[in-house]
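Enquirer: Protein chains in written order, with full-length UniProt numbering: chain A, 1 to 450; chain B, 1 to 505. All C-beta atoms in this analysis are idealised placements derived from N, C-alpha and C, irrespective of residue type, glycine included. Computed from a prediction, not measured in an experiment: that's the story for all the values here.
1) Does DSSP put residue 213/B in a helix, a strand or coil?
2) So, helix, strand or coil for residue 396/A, using DSSP?
3) For chain A, find out if any of its Cβ atoms is closer than 8 Å to the Cβ of residue 317/B; answer yes or no.
4) Can you give the Cα-Cα distance for residue 210/B and residue 455/B, rounded to whole angstroms?
5) Taking 8 Å as the threshold (C-beta atoms), are residue 338/B and residue 106/A in contact?
6) Measure the Cβ-Cβ separation of residue 117/A and residue 171/A and say whether it is below 8 Å.
7) Quick check on the DSSP output: the alpha helix (DSSP H) that includes residue 351/B runs from which residue to which?
8) For residue 433/A, would you say it is in contact with chain B, using Cβ-to-Cβ distances shorter than 8 Å as the test?
9) Beta-carbon of residue 471/B versus every beta-carbon of chain A: anything under 8 Å?
10) With burial defined as no fewer than 16 other Cβ atoms inside 10 Å of the residue's Cβ, what is the status of residue 202/A: buried or exposed?
11) Under 8 Å, do residue 250/B and residue 405/B count as touching if we go by C-beta distance?
12) Report the start-end ranges of each beta strand (DSSP E) in the UniProt domain "PX" (148 to 269) of chain B that is 3 residues or longer and not cut off at the edges.
13) Could you check the C-alpha separation between residue 192/A and residue 177/A for me, to the nearest Å?
14) Which residues of chain B have a Cβ atom closer than 7 Å to the Cβ of residue 153/A, listed in chain order?
15) Look up residue 67/A in the DSSP assignment and say whether it is helix, strand or coil.
16) With distances taken between CB atoms, is the gap from residue 298/A to residue 153/A smaller than 8 Å?
17) Starting from the beta carbon of residue 289/A, find every residue of chain B whose beta carbon is closer than 7 Å, and list them in chain order.
18) Taking C-alpha atoms, which residue in 134/A, 90/A, 439/A, 210/A lies nearest to residue 238/A?
19) Along the beta strand (DSSP E) that carries residue 83/A, what are the first and last residues, could you check?
20) Can a CB atom of chain A be found closer than 8 Å to the CB of residue 275/B?
21) Quick check: what's the CA-CA separation for residue 323/B versus residue 393/B?
22) Let me confirm a value: residue 368/A is counted as buried when at least 16 other C-beta atoms fall within 10 Å, else exposed. Which label applies?
23) Could you check whether residue 103/A and residue 114/A sit closer than 8 Å to each other, using their CB atoms as the reference points?
24) Which residues in chain B have a C-beta closer than 7 Å to the C-beta of residue 443/A? List them in chain order.
25) For residue 447/A and residue 274/A, I'd like the C-alpha separation in whole angstroms.
26) So, under 8 Å CB-CB, residue 465/A and residue 314/A are touching, yes? Tell me the CB distance rounded to an integer number of Å.
27) Cutting at 6 Å between CB atoms, please list the residues of its own chain near residue 383/A, excluding the five before and the five after it.
28) Counting along the chain, where does the beta strand (DSSP E) carrying residue 492/A start and finish?
29) Whole angstroms are fine: how far does the CA of residue 447/B sit from the CA of residue 390/B?
30) Would you mind reading off the limits of the alpha helix (DSSP H) that contains residue 296/A?
31) Check whether the Cβ atoms of residue 200/A and residue 119/A sit closer than 8 Å, and answer yes or no.
32) How would you list, in chain order, the residues of chain B whose beta-carbon sits under 7 Å from the beta-carbon of residue 264/A?
33) On the DSSP letters alone, give me the boundaries of the alpha helix (DSSP H) that residue 181/A sits inside.
34) Can you grab the Cα-Cα spacing for the pair residue 319/B / residue 435/A, in whole Å?
35) Output the boundary residues of the alpha helix (DSSP H) element that contains residue 135/A.
36) Could you run through the segment 434 to 456 of chain B and flag, in chain order, every residue whose CB is less than 9 Å away from some CB of chain A?
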């Protein structure tokens, strides 16, 4: 689904950054062909994507994670994990890839990138980052951020994030994103220099708009409902899944005790000894098989988590719409009241209460000249207001159009990805059952030979 | 039903009178087997001894020098055990001489000879492993002729409330073709106390035989009340097992008290209970027993040392296995409880989705079906494995008691021998007493040895069956789940074969 870069959106972007083309090399932007590679937008299936900044296809991978210590802003020592991002460009002819860029980033820099994208592309459902802290953890997994399993899953999540951004028709063209992958030093300063924080809508303003907006687009209201439901149901599902995993772990591991006792018991048995001993071994195999099974399930849980966080991104787009709509409604309301004021002044009738009217009553009428002056000011304001309203209207409509296009794109991606995830869950269950059948068949044979 | 008077020494072999037990060699029917390979001489001599001992009424068992105890008896198939042991043909020769001398019990002989001829056919039948549960209510084997002639069921627990107490009675139905029973079918009601009485009587009569264990009086741990349905059902099953095990035991099955237990009406049973050694004499016995056990086991023969070691270790292991099995059940129950919630969430989710709805509903359906399969697995565990393992926990306690009693009997002998060597009392009297005690000890040891072999065989069969059943249940569970998920997968990936092949995690 090709999306033409919308113009109003350009207005929101800070001037110095050219989304198209590398200012240094003056490379031509390559038109991205979206239509025939819906797959590439998915995570994990392939790391190849096309990007405007490179003439050739690129591969992005977060290949390593490393513990580092450094000093933070308050000059206190801290430990953090850094991730190695490698970008490769792929030669069309022979499919070989050449490493073009490689740098280290920490999680906070990913967050900065995402915040930047959120502010500058409010009509896009911006891909989410993997969770900052481990949640929905079942008891065996640690909730410690430094735990190697958590770090590994986070590495995969971060890679996924970059791939999602790189395969998004609009986001992939962003300069800051490009620099994130290529400019190690000073990147943070560059981002901050764009002044994007100033453009961020205050939370309070957004909340206010949500409550007071009168006529939001119905589709966005429905979408907000949907995202609430999605978030609630996936959270619930993840919680129960964690508990089920816990219990399943218990069932498998207790069987391991049989292994030990059978082995000890076999020492005093003559005929049964061999059978017991080997059956015990199979019980051990059974007990230890749960570790791999649950590790695989963790990946499934991560796939669901991504969409849990995507729900928040959806809500962000809805909020932006409500804000813009509210803004529009306020502007229209303001314009209407100014027009009325003007009319009242012109005709001399006071239909509405106004301070001016009161003071006039109390302190005497104003002079005709004063009145004229005020009318003129108002008329100017009205004309300005009308212009603004027009452009706000236009902005609003553009926003709705573009946002909805991205939402449709997102919906298809979500349906594809989640269906794939559910199917992979079934595949995992099948593999678990097959292992179970094998182990217990072996055990049964041992028992019957006792 | 009045108790039979103390019978002529030879008779005890066929049925147990009070105080005179029929030993393991009581397989009179086995005696009929013409293929006695072991020499009967020594055995016949032992049989002679039995005559004198029988008068005492205290001999726990007539001497059965053969160590091989045939698994057969009135019930050739013990609950869970079923092969006629290799030793069976040996001991069969033992009683040939004895049994032929019995004129007064032609009727019984009829019955036994019938069984014995059946045994002939059985002695070469291959071992047929069957689960303990299938044994209990089984009437016939397809391949083997029916050798059981006593069928007992325990059911219909009923609560009774009196001014003094509340208690539960169980209905016991006995069907039999044996001659010494007045009728072929009996129905009585018994309470737990009555079962306790029976067990005590059996232990008294056969101190070194391995009496089947009774379910516990009450479960201390947990919040199980005496009248909780699950508790009563578990107890009922265990009581049923208890009686059937006695019925299948070659010696115990002919015990008089057992017969009274099965057939007497309530008032008859009470009056029967009142007879027999009074409380004081029983106390006296206990005191003597304690005194003797304090002397320690100085001269326990090697094989009983081994036996004791085995019992100790076995007891440890079976207790552990019991704990592990209970724990597995608990974990599976908790897993089941969580799974119940898991499926419906997917249904809830499908309500807000369009394209995904079918897939989500499919997953929900699979999870629910796996949930049901888990339930089945659990109930299989609680029926096939847990009661069997628990019974052997109780058996191991019982065995320790048997070892103690054997040691006591030996201690009695040892003390008298000591007294003789120190010339403390009348040597002639002592020598006579010692003679009797020596026989008693030999009796006891042989009874135990024979019963031990039988018990071990049963134990191996029972536990093997139980574990095999557990494995089968697990296989079935996984097969069911596999089928469910595979059919879901086919329905989903029918049109999306590409996606399926890429889903290699």
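Expert: Well, looking at it:
1) Mapped onto the second chain, residue 213/B falls at position 213. In this structure, residue 213/B counts as coil in the three-state DSSP scheme.
2) Stepping through the first chain from its first residue, residue 396/A is reached at position 396. Note: residue 396/A maps to helix in three-state DSSP.
3) Here residue 317/B refers to the residue found at position 317 of the second chain. For residue 317/B, the answer is yes, since a Cβ of chain A falls inside 8 Å of its Cβ.
4) Looking up residue 210/B in the second chain gives position 210. Looking up residue 455/B in the second chain gives position 455. Taking the straight line from one Cα to the other gives about 7 Å.
5) One-based indexing of the first chain puts residue 106/A at position 106. One-based indexing of the second chain puts residue 338/B at position 338. Not closer than 8 Å, so no.
6) Counting from one through the first chain, the residue named residue 117/A turns up at place 117. Counting from one through the first chain, the residue named residue 171/A turns up at place 171. Contact flag set, yes.
7) In the second chain, counting from the first residue as 1, residue 351/B sits at position 351. Note, residue 351/B: premise wrong, no alpha helix (DSSP H); not H, not E.
8) For the purposes of this step, residue 433/A is taken as residue 433 along the first chain, with counting starting at 1. With 8 Å as the cut-off, residue 433/A counts as an interface residue toward chain B.
9) Locating residue 471/B in the second chain gives position 471, where the first residue counts as 1. Output row for residue 471/B: interface = yes.
10) As a working note, residue 202/A is residue 202 in the first chain. So residue 202/A ends up on the exposed side.
11) To locate residue 250/B, count along the second chain from 1; it is residue 250. To locate residue 405/B, count along the second chain from 1; it is residue 405. Their beta carbons are not under 8 Å apart, which means residue 250/B does not touch residue 405/B by this criterion.
12) 150 to 161, 166 to 176, 185 to 191
13) In the first chain, residue 192/A corresponds to position 192, counting from 1. In the first chain, residue 177/A corresponds to position 177, counting from 1. Approximately 13 Å, taken between the alpha carbons.
14) Your numbering for residue 153/A matches position 153 in the first chain. Within 7 Å Cβ-Cβ: nothing; residue 153/A doesn't reach chain B, min ~14 Å.
15) Working through the first chain from its first residue, we reach residue 67/A at position 67. Three-state result, residue 67/A: strand.
16) On the first chain, position 298 is the one that residue 298/A refers to. On the first chain, position 153 is the one that residue 153/A refers to. Cβ atoms of residue 298/A and residue 153/A: closer than 8 Å.
17) Within the first chain, the letter at position 289 stands for residue 289/A. Correct list: empty, because the minimum Cβ distance to chain B is about 12 Å.
18) Stepping through the first chain from its first residue, residue 238/A is reached at position 238. Looking at the Cα atoms, 134/A is the closest of the given residues.
19) Here residue 83/A refers to the residue found at position 83 when the first chain is read from its first residue. Element bounds for residue 83/A: 77 to 90.
20) Within the second chain, the letter at position 275 stands for residue 275/B. No, because no Cβ of chain A sits closer than 8 Å to the Cβ of residue 275/B.
21) Taking the second chain and counting its residues from 1, the one referred to as residue 323/B is at position 323. Taking the second chain and counting its residues from 1, the one referred to as residue 393/B is at position 393. Their Cα atoms are separated by approximately 10 Å.
22) Along the first chain, one-based indexing puts residue 368/A at 368. Its Cβ having fewer than 16 others within 10 Å, residue 368/A is exposed.
23) On the first chain, residue 114/A is found 114 positions in, with the first residue counted as 1. On the first chain, residue 103/A is found 103 positions in, with the first residue counted as 1. Cβ atoms of residue 114/A and residue 103/A: not closer than 8 Å.
24) For this step, residue 443/A is matched to residue 443 along the first chain. Within chain B, the residues near residue 443/A are 471.
25) Here residue 447/A is taken as the residue at index 447 of the first chain, counted from 1. Here residue 274/A is taken as the residue at index 274 of the first chain, counted from 1. Their Cα atoms are separated by approximately 10 Å.
26) This structure cannot speak to residue 465/A, because chain A is shown only from 1 to 450.
27) In the first chain, residue 383/A corresponds to position 383, counting from 1. Counting only Cβ-Cβ distances below 6 Å, and skipping sequence neighbours, we find nothing.
28) An answer regarding residue 492/A cannot be provided, because it is not within the stretch 1 to 450 covered by chain A.
29) Here the question's residue 390/B lines up with position 390 in the second chain. Here the question's residue 447/B lines up with position 447 in the second chain. Whole-angstrom Cα-Cα distance: 25 Å.
30) Reading the first chain from its first residue, position 296 is the one you call residue 296/A. Where residue 296/A is concerned, the enclosing alpha helix (DSSP H) stretches over 273 to 347.
31) Stepping through the first chain from its first residue, residue 200/A is reached at position 200. Stepping through the first chain from its first residue, residue 119/A is reached at position 119. Contact: yes.
32) Locating residue 264/A in the first chain gives position 264, counting from the first residue. What residue 264/A touches in chain B: 317.
33) Numbered from 1 along the first chain, position 181 holds the residue referred to as residue 181/A. Unbroken alpha helix (DSSP H) run through residue 181/A: 175 to 182.
34) Numbered from 1 along the second chain, position 319 holds the residue referred to as residue 319/B. Numbered from 1 along the first chain, position 435 holds the residue referred to as residue 435/A. The straight-line gap from Cα to Cα measures roughly 29 Å.
35) Looking up residue 135/A in the first chain gives position 135. Residue 135/A -> no alpha helix (DSSP H), and no H or E assigned at all.
36) none
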